[in-house]
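Here's the structure, in structure tokens; my notes come after.
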Amino acid sequence: MTTFSVQKNDLQLLAQQFADLSAFQCLIFHANEFDDGLNVLKIWQLWRKTRPNNNSRIQIITTAEKPLSSEELALHLAHFPDFNNLFELLLAQYPPAISGVHRLIFNDERLTIDLWFGDVITDLKVQTTPILMTPNDSTTFVVIGAGIAGLSISHALTQRGYAVTLIEQDEPLSGASGNPCALLLSKLPKLNRVSGNLQTMGALTTARWWQNWANDVVVSKGALLQIEADDLEKIQGYPTNLVQIVNSTEASKKAKITCSSDFMFMPCAVGIDPQAIRKHVLASPLVTLVKAQAKQLFKRPNESDWIIADDNAQPIVQATKIIIANAKDSVSLCPTLPPLTVIRGQMSWLAAPENSPSLALGYGGYAATFKNNFLLGSSFVRDDECTDIRLTEHDSNLALLKNSFPELTKQLPPTKTWQGRASLRALPRDSMPVVGAVPQMDDVFVLAGLGSKGFSFAPLCAELLAAQMLGEALPMTDKLAAAIRPDRFIKKERVRKPYYTASKDN
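So for the sequence shown, this note's numbering puts the first residue at 25; every next one is plus one.
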């Protein structure tokens, strides 16, 4: 693999390239192997000294076939006190030492670091010299939909210095993303498959990013997850900062409730406050929120801008690039998108009991304590677009909890006293997001089909979409990005050979 080695002469060259960057330019380069991180810190320090005062940015790509753990990294870099300040920032976002592409985003530094760990290194296409991306200064962005998808792509763009008009027909987070709390807790695949598992990589990414970008988004850490038949085999080889097997006594002590079996303890599972994300994204002076119902997209003859119009064909706003992020309604704006299945989900909550668990719980359903409420979720009803609150679904949420934690349910009041919220999720037939360029609609993009995993998928997929639109390095492998392309369901025509070819002599 060819690398852009960071030697003394290279640093001098980079210093000049950094200083010459104009607004919105992004310099992308491979900075040798990560090793103990010292090379990256040298470049970062140089960037601080020479970067211009504009919206320019740099992306550093670095690799480690056998990555260090965070503890090992701390020991190595402890010998270089001149970099203590930068090292603390690096360590705060440093990922678990597992295979995959791990993007670290330092918004205030205008710096992105991509750590390619383990088996994905073979998928990396490395340039021998830096790549300078210069986006079109006249580019304007409109995002349709202010759920977690729309908020995430708005955040990805505004952190790059771009203004965004965000269109929402109701209120931000009024749809499937608007539950009181989002729990990022998922089963782990086998270790040799984790780099290609979007849910796992996405959940870890969301947790790392938001707990470093803001102090009020991640509201809880750690969860107990019920063990199923194949889990013990799947989690072999994972580091303990991702998963640990705990017996019933240890589980009871951690969660401060009665646990009658062994569990997986997931230290990196987090609870997210959706309203805190909304607050941070909408606080940006680069975001303009417009309350309107987008019903049509069209272009006028000989004009390049897309016009977003209401159901009376009256223009709402226009822009050079449109991002469709309105979940189940995305297909009505872009007929070339794959159809999405609608799934109803009802969350239940009640006042937290005196002895509520101190950790989130996963058991087929999930439970968590948030702001003095005890939350349980969530039902899963296909092809039902009603959002009324149903006692039967409160009952089913309770039954799932009772199967695994019968002692806990004894202190809960009757379900008829509970509160709830029902919302509609949308996903395609392969249950993977739909992210990328909309087929047959130039400069229209989509971030939809997130289903019930919006908070795991959206931030990483938004970063992917921003990179695709602006020509930057992707935050995942090409293979994983291709797996969520909007055109993946379109059948390619095969060239059929004729059954018989006449002889040239005839």
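By construction, the Cβ of each residue, glycine as well, lies at the ideal position given by its N, Cα and C atoms. All of these numbers come straight from a predicted model, not from anything done at the bench.
7 Å Cβ shell around residue i - same chain, five flanking residues per side excluded
i    : result
E496 : C50, I52, Q83 and M157
V405 : I367 and R368
D240 : D297 and A300
S93  : A121 and P263
W71  : F42, I82 and L135
M493 : K345 and F469
S16  : In the structure as shown, the chain starts at 25 and stops at 530, and residue 16 therefore has no counterpart that could be examined.
Run of the beta strand (DSSP E) containing residue i, from where it starts to where it stops
i    : result
P291 : F287 to I296
R232 : Careful: R232 lies outside any beta strand (DSSP E), inside the alpha helix (DSSP H) at L222 to W237.
E57  : C50 to E57
T393 : Y390 to F394
T365 : T365 to A375
K315 : V311 to K315
L400 : N397 to G401
L135 : L135 to F141
A506 : It is not in any beta strand (DSSP E) - A506 instead sits in the alpha helix (DSSP H) that spans D502 to A506.
V459 : V458 to A461
R449 : Q443 to L451
A384 : A384 to G386
S219 : Careful: S219 lies outside any beta strand (DSSP E) and carries neither H nor E.
Span of the alpha helix (DSSP H) around residue i
i    : result
L197 : That residue, L197, is in no alpha helix (DSSP H); it is neither H nor E in DSSP.
H20  : Any question about residue 20 goes unanswered here, given that the chain covers just 25 to 530.
W68  : L62 to T74
G419 : Reading off the sequence, residue 419 comes out as Asp, not Gly. L415 to S428 is the span of the alpha helix (DSSP H), which, as asked, contains D419.
Q492 : G478 to L494
I177 : I172 to T182
S187 : The residue asked about is misnamed: residue 187 is Ala in this sequence, not Ser. Neither: A187 is in no alpha helix (DSSP H) and is coded neither H nor E.
A279 : S272 to A279
E355 : Rather than Glu, the amino acid found at residue 355 in this sequence is Val. Segment S354 to L357, the alpha helix (DSSP H) holding V355.
K434 : Per DSSP, K434 belongs to no alpha helix (DSSP H) and is neither H nor E.
K258 : D255 to K258
Cβ-based burial, residue i [other Cβ within 10 Å; buried from 16]
i    : result
L504 : buried
K315 : exposed
L256 : exposed
P359 : exposed
K278 : buried
T40  : Sequence check: residue 40 is Gln here, not Thr. When all chains shown are included, Q40 counts as exposed.
E252 : exposed
G388 : exposed
H103 : exposed
T439 : buried
Q223 : buried
N421 : buried
E192 : buried
R217 : exposed
D408 : exposed
K395 : exposed
N203 : buried
K515 : exposed
A116 : exposed
N379 : exposed
D106 : exposed
L400 : buried
D138 : buried
V335 : The identity of residue 335 in the sequence shown is Asp, whereas the question assumes Val. So D335 ends up on the exposed side.
E431 : exposed
L38  : buried
Cβ neighbours of residue i in the same chain (closer than 6 Å, five flanking residues each side left out)
i    : result
K245 : V294
S80  : L45 and Q49
T26  : Reliability of the predicted coordinates at T26 is poor, the pLDDT of 36 falling under 50, and the value obtained from them is presented with this limitation in mind. Here the set comprises V150 and T152.
S268 : Strictly speaking, residue 268 in this sequence is Gln, with Ser absent from that position. Only F289 meet the Cβ criterion.
I259 : L212 and V267
S372 : L400, H418, N421, W442 and G444
8 Å contact criterion, which residue i and residue j should meet: CB distance rounded
i    : j    : result
L498 : A491 : 5 Å
L135 : V167 : Going by Cβ atoms, the distance from L135 to V167 rounds to 24 Å, so no, they are not a contact pair.
T433 : L424 : About 10 Å separates the two Cβ atoms, so there is no contact after all.
P381 : A461 : With a Cβ gap of about 44 Å, P381 and A461 do not count as contacting.
T74  : F42  : 4 Å
F48  : D161 : 7 Å
L209 : A337 : Between A337 and L209 the Cβ distance is about 45 Å, and since that is not below 8 Å, they are no contact.
I129 : E89  : The Cβ separation is near 24 Å, so there is no contact.
Cutoff 8 Å; reference residue i; Cβ partners in own chain excluding five residues on either side
i    : result
T411 : R368, A446, S447 and L448
A333 : A318, K319, Q320, L321, F322, P339 and I340
G261 : L215
L471 : A173, G174, S176, I177, I347, I348, A349, P457, V458, V459, A482, C485, A486 and L489
S276 : T282 and C283
Check: residue i C-beta below 6 Å from any heavy atom of the ligand NAP
i   : result
K90 : Because no ligand of any kind appears in the structure shown, any question about the ligand NAP cannot be addressed here.
In chain order, which continuous runs of the alpha helix (DSSP H) of length 4 or greater are located wholly inside the segment 83-120?
94-101 and 108-117
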